[in-house]
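Under my numbering, the letters of the sequence shown match residues 1 to 265, in that order.
Glycine included, every Cβ here is placed at the ideal spot set by N, Cα and C.
Predicted model only: the values in this text are computed from it and were never measured.
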Amino acid sequence: MDATARSGETPANPSAPADAVPGQAGAAGHVNAVGQAGAAGQGDRVVGRADAVAGRGVETSQTLDRGLRLLHLVADASGGLTVTEAANQLNIGRAAVYRLVSPLIGHGMLRRDGDGRLRLGAGLLHLARRAQPLLAEGALPALRRLAEQAGATAHLTVVEGGEGVALAVVEPSWTSFHVAYRAGARHPLDRGAAGRAILAGRAGDAAPVSSSGELQAGAYGVAAPVLGVPGLEASVGVVALAPLDVDTIGPQVLAAATAITNALR
Numbered sequence: 001m002d003a004t005a006r007s008g009e010t011p012a013n014p015s016a017p018a019d020a021v022p023g024q025a026g027a028a029g030h031v032n033a034v035g036q037a038g039a040a041g042q043g044d045r046v047v048g049r050a051d052a053v054a055g056r057g058v059e060t061s062q063t064l065d066r067g068l069r070l071l072h073l074v075a076d077a078s079g080g081l082t083v084t085e086a087a088n089q090l091n092i093g094r095a096a097v098y099r100l101v102s103p104l105i106g107h108g109m110l111r112r113d114g115d116g117r118l119r120l121g122a123g124l125l126h127l128a129r130r131a132q133p134l135l136a137e138g139a140l141p142a143l144r145r146l147a148e149q150a151g152a153t154a155h156l157t158v159v160e161g162g163e164g165v166a167l168a169v170v171e172p173s174w175t176s177f178h179v180a181y182r183a184g185a186r187h188p189l190d191r192g193a194a195g196r197a198i199l200a201g202r203a204g205d206a207a208p209v210s211s212s213g214e215l216q217a218g219a220y221g222v223a224a225p226v227l228g229v230p231g232l233e234a235s236v237g238v239v240a241l242a243p244l245d246v247d248t249i250g251p252q253v254l255a256a257a258t259a260i261t262n263a264l265r
């Protein structure tokens, strides 16, 4: 029986491996081939999607950069900008400017005046109001030190709408008399130590600036620009009812300006 059963079995394939099962080798080979081909195809698709995403990222970054540059250009143009002027300064086409302008107007960052010129929108004021408390909070420690050292009212002045605005004010605690300086007070940049220090800072001059009676008769001031904080034009200074010794107060004001720079950037 054993001999008969063995003689009826299918002869072995001499070229197949000893542990191979008939039919599986071909199936396995087919599966492997399909699997490898599929994996390669998926890899190509993944790489393609990654390249597309990277390309969109670069394009989005470029659009954002142009939009921010456009806002800066409009902010620096006291009379506003036409689309053509903006296109020339950005070195892009008018159609590209229109694509930037539309969402910026939609978000209130830009507006068109009666002549169609681009001007800053009220939406920026909302952002500025949100940022101002953060600026004031960062500057207060340095202002307190300065007010106590100088025995004079210390202030942080920022540029808003082409004018200087007192954003934060700290009065000394130990003096019998000192200047009451209201936060929010506005003045031209070309008058008073605070404004002139900002103008000097635009030219890269960090030296203290002094003034006498330019904003208020009998008031004396010393101020220095706050430099090194991107997007911020500001100065820090003191105002007093008596003349201030610039050689003494100047280094204190400079130290406060440096401390504020470090706190805000």
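- The C-beta separation of G221 from G237 comes to about 6 Å, placing the pair in contact by the 8 Å criterion.
- Residue environment for E137: exposed (fewer than 16 other C-beta atoms within 10 angstroms of its C-beta).
- A242 and G164 have their C-alpha atoms roughly 23 Å apart.
- DSSP, read as helix, strand or coil, puts S176 in coil.
- The three-state secondary structure of G221, taken from DSSP, is strand.
- A residue is called buried when at least 16 other Cβ atoms come within 10 angstroms of its Cβ; A207 does not meet this threshold and is exposed.
- Counting only the Cα atoms, R186 lies some 13 Å from A234.
- Restricted to the region 181-247, the alpha helix (DSSP H) segments that are unbroken, complete and at least 4 residues in length are 193-202, listed in chain order.
- In the structure shown, T63 falls within a helical segment according to DSSP collapsed to helix, strand and coil.
- A buried status is given to L189, since no fewer than 16 other beta-carbon atoms sit within 10 Å of its beta-carbon.
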